[in-house]
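One structure is given here, and the rest of the page talks about it.
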């Protein structure tokens, strides 16, 4: 892409995102819907000004990892731990229910093959953590109890999604699966989840120390950014979703990340504990500096992500006259809604919270798109199956922000 | 490029830039040298970790237009106007002297063809405004009188460079040139230079107004960024260098940009004058908000630009055993230094200022590289001619920051 065209694309995306989200907010619509619609508008679905170009997609990826970094910075692991098994239950039900229901619909009602039915079921398991978080943000509810459960569940869901994709991919290629290989990836991911915040914290501590004696300006910001990029790369290297890297780095540098020990009687152990507690003590100075300096970058890059999701939803590929597309799409849509909504009812929470949690898990967004596009590219899905999935992804992405807003205003007004 | 590789590249570049510039500063070396060396190190010249990839180059371009935006914001047009014809004289001499001397060396001493000699002469006229500005910045002298002259001259030089390139390109393609076509481009560029600050100011005023009633955060920043991108695109569209767009947008939104009129006796004219003065009055609020919010973006993107200049200087393409490369390279290097140094002596300034101005005009940087790479791609230059130019570009880029630092400390210590 020529540099002038790149500048024009970027300006068009930024302006459209801003314009649509501004108009949306003034009409009581969540701004993320404005950004998704901006993408549909300037993308190939309508005007065709912007194409899903590689460079733009890479910039959008910076947007989503920075957003997840911010989410991580606001995540209180101890509070998350207090919600106990709830996020795990929500993630598991929200994974199994759409998978099984989707498989059954495809295999028995539409006579699709085993691998195709599995792949479509897998696509329906996706949860777009980016869109979920943005809606909770827009509603100013990211700190609520149910939001903590949803974020925990969405992170787990992303991991389950990556494992499913690896599994199905292998199955499609070799017509058989090795549970050992999938298990190995799962172990790497769990190791990454457990160890990376500690590693990121250590690096963060070093950065903080150097930032006090730096002779060039902006050290803190560029080093923190490098940390996020490196951990995202590392996440991908161990087989986890890249956004896990941003999230882990955010958790590590958050104000809530610290160590607590039971008091020990041994003098040596007590000293080690003291040292460790000191090392891992959160630094509100670092936290504050990062928040203020990171914000302009997040404001610039995050909208790129949501607009590019809209740009990637190319409605022109759908054969709107096909009855098959509408029938399959309609049934899968139902499955996609019910499967995730059900997740909320398997945990002990007030009824309103159960529904809010279920609604928040519905958006498939870019995660579903990645599944569907891979299926098309691999020849597992034909164009009409892809179209049906596109319909499901578009509606599960665009409807929940509205539904959540209406539901929150009515049943969970701010305390 | 895969997303994980992109993250890794970006992190490596950011960390290397920071590390090298930090070490440079602690040894009294200008940080920009650190960033250029970081590029040589991680690029194909040494480690080969980062290749001059398209996406990275586009991100680097954002860096340079943002840097020129910042320069524009700090530029006082009235003060620039007070330096009168000085920047014009410096730009003209700094253009003609290396061109003619370079041509003579190639044509008479090395028996090169007419078009090749012209092209090499043209390459020697380049001035890298980015590197010049950074060095003045590093020395904390961007606001000095001689810096104003240098910045004005460097901007003019960039325009002359683009015209020369268009001219030589046409000559190489069609074996004849149309002065009319070049003249047309020149007129467009002059129109852009004169009109764009007013247009940018009007847009800036609209942005400012909306930013007060915005319902979504970060409007000011993303809209200002869009403005810079759009004006850079527009600059390219009229045939001017893209950086002119960033510069024009910066000038328009600077605290110094305002209109003054002679008092008019006509009531109507006086009223129009009053309205215009009001509209074009600088807003220190907008200026301050832009400065603080733009800084994190500049700190992130600008080093990318300088590192990518280093990455693009691939020393492995040079046949170091060739006597021809060393002879031609050596003579052209002499011409490149003398030609620009001479420029300072054609204006009335204290001797020290004359030398400082001449030194500041020497860096060829990315502008010279673009010339040389185009010549190679078009088959005008063979690999040994390209190698000789690469040598000239590398040394004229790396030496002046040192020379300027030493010169300033010794002969122009801070007032």
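Protein chains in written order, with this note's numbering: chain W, 1 to 415; chain L, 1001 to 1415.
All C-beta atoms, glycine included, are put in the ideal place defined by N, C-alpha and C.
Whole angstroms is fine: what's the gap from residue i's alpha carbon to residue j's?
i: residue 1361 of chain L; j: residue 59 of chain W; result: 34 Å
i: residue 233 of chain W; j: residue 1003 of chain L; result: 8 Å
i: residue 199 of chain W; j: residue 77 of chain W; result: 16 Å
i: residue 325 of chain W; j: residue 378 of chain W; result: 20 Å
i: residue 1321 of chain L; j: residue 1355 of chain L; result: 35 Å
i: residue 81 of chain W; j: residue 152 of chain W; result: 9 Å
i: residue 1035 of chain L; j: residue 319 of chain W; result: 52 Å
i: residue 344 of chain W; j: residue 92 of chain W; result: 11 Å
i: residue 1192 of chain L; j: residue 287 of chain W; result: 44 Å
i: residue 1051 of chain L; j: residue 402 of chain W; result: 45 Å
i: residue 1054 of chain L; j: residue 61 of chain W; result: 17 Å
i: residue 12 of chain W; j: residue 132 of chain W; result: 25 Å
i: residue 1310 of chain L; j: residue 196 of chain W; result: 33 Å
i: residue 1251 of chain L; j: residue 1 of chain W; result: 28 Å
i: residue 315 of chain W; j: residue 376 of chain W; result: 15 Å
i: residue 208 of chain W; j: residue 289 of chain W; result: 10 Å
i: residue 1222 of chain L; j: residue 1228 of chain L; result: 10 Å
i: residue 1194 of chain L; j: residue 1206 of chain L; result: 20 Å
i: residue 422 of chain W; j: residue 33 of chain W; result: With chain W represented from 1 up to 415, any question about residue 422 of chain W goes unanswered, as that position is not in the structure.
i: residue 1267 of chain L; j: residue 1274 of chain L; result: 10 Å
i: residue 1189 of chain L; j: residue 1112 of chain L; result: 32 Å
i: residue 256 of chain W; j: residue 83 of chain W; result: 16 Å
i: residue 1150 of chain L; j: residue 1298 of chain L; result: 22 Å
i: residue 317 of chain W; j: residue 79 of chain W; result: 45 Å
i: residue 1254 of chain L; j: residue 1145 of chain L; result: 18 Å
i: residue 1371 of chain L; j: residue 1057 of chain L; result: 16 Å
i: residue 1381 of chain L; j: residue 1349 of chain L; result: 39 Å
i: residue 1374 of chain L; j: residue 1342 of chain L; result: 27 Å
i: residue 1301 of chain L; j: residue 8 of chain W; result: 18 Å
i: residue 1389 of chain L; j: residue 134 of chain W; result: 52 Å
i: residue 1291 of chain L; j: residue 1187 of chain L; result: 32 Å
So, residue i versus residue j, is the Cβ gap smaller than 7 Å?
i: residue 365 of chain W; j: residue 340 of chain W; result: no
i: residue 1226 of chain L; j: residue 14 of chain W; result: yes
i: residue 147 of chain W; j: residue 156 of chain W; result: no
i: residue 1121 of chain L; j: residue 1102 of chain L; result: yes
i: residue 1419 of chain L; j: residue 1259 of chain L; result: There is simply no residue 1419 of chain L to check, as chain L begins at 1001 and stops at 1415 in what is shown.
i: residue 1261 of chain L; j: residue 1248 of chain L; result: no
i: residue 1031 of chain L; j: residue 1405 of chain L; result: no
i: residue 1426 of chain L; j: residue 1368 of chain L; result: Residue numbering for chain L in the displayed model covers 1001 to 1415; residue 1426 of chain L lies beyond these limits and cannot be assessed.
i: residue 329 of chain W; j: residue 391 of chain W; result: yes
i: residue 296 of chain W; j: residue 1296 of chain L; result: yes
i: residue 1075 of chain L; j: residue 1095 of chain L; result: no
i: residue 1166 of chain L; j: residue 1115 of chain L; result: no
i: residue 88 of chain W; j: residue 130 of chain W; result: no
i: residue 412 of chain W; j: residue 352 of chain W; result: yes
i: residue 1042 of chain L; j: residue 1016 of chain L; result: yes
i: residue 1179 of chain L; j: residue 1119 of chain L; result: no
i: residue 1154 of chain L; j: residue 1182 of chain L; result: no
i: residue 139 of chain W; j: residue 408 of chain W; result: yes
i: residue 105 of chain W; j: residue 331 of chain W; result: yes
Under 7 Å between C-beta atoms, does residue i make it to chain A?
i: residue 49 of chain W; result: Here the protein chains are W and L, and chain A is not one of them.
Per the contact definition of three or more C-beta pairs closer than 8 Å, is the segment 61–78 of chain W in contact with the segment 235–245 of chain W? yes
Go through the segment 1138–1222 of chain L residue by residue and report every complete run of the alpha helix (DSSP H) that reaches 4 residues or more, in order. 1145–1174, 1179–1213
Only counting runs of 4 or more residues, tell me where the alpha helix (DSSP H) segments fall wholly within the segment 49–94 of chain W, in order along the chain. 54–74, 77–82
Between the segment 1269–1289 of chain L and the segment 1038–1050 of chain L, can you find at least three pairs of beta-carbon atoms closer than 8 Å? no
Looking at C-beta atoms only, is the number of pairs between the segment 387–403 of chain W and the segment 157–176 of chain W that lie closer than 8 Å three or more? no
Which runs of the alpha helix (DSSP H) at least 4 residues long sit entirely within the segment 1325–1380 of chain L? Give them in chain order. 1351–1360, 1365–1377
Any chance the segment 1020–1031 of chain L sits against the segment 211–218 of chain W, with 3 or more Cβ pairs inside 8 Å? yes
For the segment 387–395 of chain W against the segment 328–337 of chain W, are there 3 or more C-beta pairs whose distance is under 8 Å? yes
I'd like the ranges of any alpha helix (DSSP H) spanning at least 4 consecutive residues and lying wholly in the segment 1226–1311 of chain L. 1243–1252, 1267–1279
Scan the segment 1017–1046 of chain L and note each continuous alpha helix (DSSP H) run of 4 residues or more that stays entirely inside, going in chain order. 1031–1042
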